[in-house]
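Asker:
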Amino acid sequence: AQRVTQPEKLLSVFKGAPVELKCNYSYSGSPELFWYVQYSRQRLQLLLRHISRESIKGFTADLNKGETSFHLKKPFAQEEDSAMYYCALKRYSTLTFGKGTMLLVSP
Amino acid sequence: DAGITQSPRYKITETGRQVTLMCHQTWSHSYMFWYRQDLGHGLRLIYYSAAADITDKGEVSDGYVVSRSKTENFPLTLESATRSQTSVYFCASSGYGTSLISYEQYFGPGTRLTVT
Chain A
371 AQRVTQPEKL LSVFKGAPVE LKCNYSYSGS PELFWYVQYS RQRLQLLLRH
421 ISRESIKGFT ADLNKGETSF HLKKPFAQEE DSAMYYCALK RYSTLTFGKG
471 TMLLVSP
Chain B
42 DAGITQSPRY KITETGRQVT LMCHQTWSHS YMFWYRQDLG HGLRLIYYSA
92 AADITDKGEV SDGYVVSRSK TENFPLTLES ATRSQTSVYF CASSGYGTSL
142 ISYEQYFGPG TRLTVT
């Protein structure tokens with residue numbers, strides 16, 4: 371069965387510091403991975419998908435099939451990045467989400 | 042984002058009562074989903090639907106019922122609410138196509154349900 375693991379419940383950094391939110395997955399097929407973000411009192415929204423290899427709001431994520439990881443990175447965190455981040459794995463038509471990591475960026 | 046709405050936004054109900062959460066989308070997306078969000082569990086899929094009259098169970102479907110008579114609506118019913126069903130419920134929808142871009146799930150604002 372597929373599984374998504376986000377080992378950190380909370381990640382607290384200072385403004386300007388680098389950020390890495392970890393995501394590991396287990397899946398027997400070819401994975402399709404996403405990062406979703408939920409800002410305070412807002413709905414979840416798509417941040418990144420690995421297939422696009424894009425950078426959104428300064429965030430990037432690279433799929434590493436050897437390490438079965440899809441870590442989210444940003445070189446310089448901003449206060450407005452504070453949010454809950456979910457890694458998700460697509461299987462057929464559905465997504466399996468990790469438990470999420472709360473990112474707190476302090477001034 | 043206004044294309045997918047949920048009602049009510051907040052609901053308090055008693056144990057044993059039946060309660061229905063509504064979800065409506067205006068994009069004519071074929072897929073719709075219900076999740077519950079709980080601290081320490083993240084988002085867990087309750088039910089999903091590929092089209093009108095086609096539904097399937099997710100990871101945590103016990104105690105829930107869904108229907109989809111129209112493409113735009115996907116109500117979730119708790120037949121006999123229990124305290125363990127206190128949660129935030131999110132509805133989502135997505136299109137279907139040959140392009141992966143069409144797969145993005147769009148989420149509703151959520152319904153906070155408290156079962157006393």
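Line order of the protein sequences matches chains A and B.
Here the first sequence stands for residues 371 to 477, where the numbers follow our numbering.
Here the second sequence stands for residues 42 to 157, where the numbers follow our numbering.
Glycine included, C-beta positions come from ideal geometry on N, C-alpha and C.
What do you get for B:S134, buried or exposed, if any count of 16 or more other CB atoms within 10 angstroms of its CB means buried?
Answerer: Counting Cβ neighbours within 10 Å, B:S134 comes out buried, since at least 16 surround it.
Asker: Along the region 80-98 of chain B, where does the CB come closer than 8 Å to a CB of chain A? Name the residues.
Answerer: From the region 80-98 of chain B, only G81, H82, G83, L84, R85, L86, Y89 and A91 have a Cβ closer than 8 Å to chain A.
Asker: A:H441 by DSSP, collapsed to three states: which one?
Answerer: If DSSP states are grouped into helix, strand and coil, A:H441 belongs with coil.
Asker: Given A:Y395, which residues of its chain have a CB within under 8 Å of its CB, disregarding the five upstream and five downstream residues?
Answerer: Around A:Y395: Q372, R373, V374, T375, P401, L403, T438, S439, F440, C457 and L459.
Asker: Could you have a look at B:Q59 and say whether DSSP puts it in helix, strand or coil?
Answerer: DSSP places B:Q59 in coil when its eight states are reduced to three.
Asker: Give me the residue from A:S476, A:V475, A:P477 and A:G468 with the minimum Cα distance to B:L80.
Answerer: Measuring from the Cα of B:L80, the nearest candidate turns out to be A:G468.
Asker: Reducing DSSP to helix, strand and coil, say where A:D451 ends up.
Answerer: Note: A:D451 maps to helix in three-state DSSP.
Asker: Determine the direct distance from the alpha carbon of B:T96 to that of B:T155, and round the result to whole angstroms.
Answerer: B:T155 and B:T96: Cα-Cα distance of roughly 26 Å.
Asker: Determine, using beta carbons only, whether B:L117 and B:W75 come nearer to each other than 8 Å.
Answerer: Contact flag set, yes.
Asker: Going along chain A in order, which residues have a C-beta closer than 8 Å to the C-beta of B:F131?
Answerer: Near B:F131 (Cβ distances below 8 Å), the residues of chain A are R413 and L414.
Asker: Determine the chain B residues that contact A:T464 at a beta-carbon separation under 8 Å, and present them in chain order.
Answerer: Result: F74, L86, Y89 and G99.
Asker: DSSP state of A:Y395, grouped into three classes?
Answerer: A:Y395: strand per DSSP, three-state reduction.
Asker: What is the C-beta distance between B:Y88 and A:S463, in whole angstroms, given that I count them as a contact (C-beta under 8 Å)?
Answerer: In fact, because the Cβ distance is near 12 Å, the residues do not count as touching under 8 Å.
Asker: Can you say whether A:Y409 is buried or exposed, counting buried as having 16 or more other CB atoms within 10 angstroms of its CB?
Answerer: Burial call: exposed.
Asker: State buried or exposed for A:W405, treating a residue as buried only when at least 16 other CB atoms are found within 10 Å of its CB.
Answerer: Label assigned to A:W405: buried.
Asker: Kindly identify the DSSP beta-bridge partner or partners of A:Q408.
Answerer: A:M454, per the DSSP bridge assignment.
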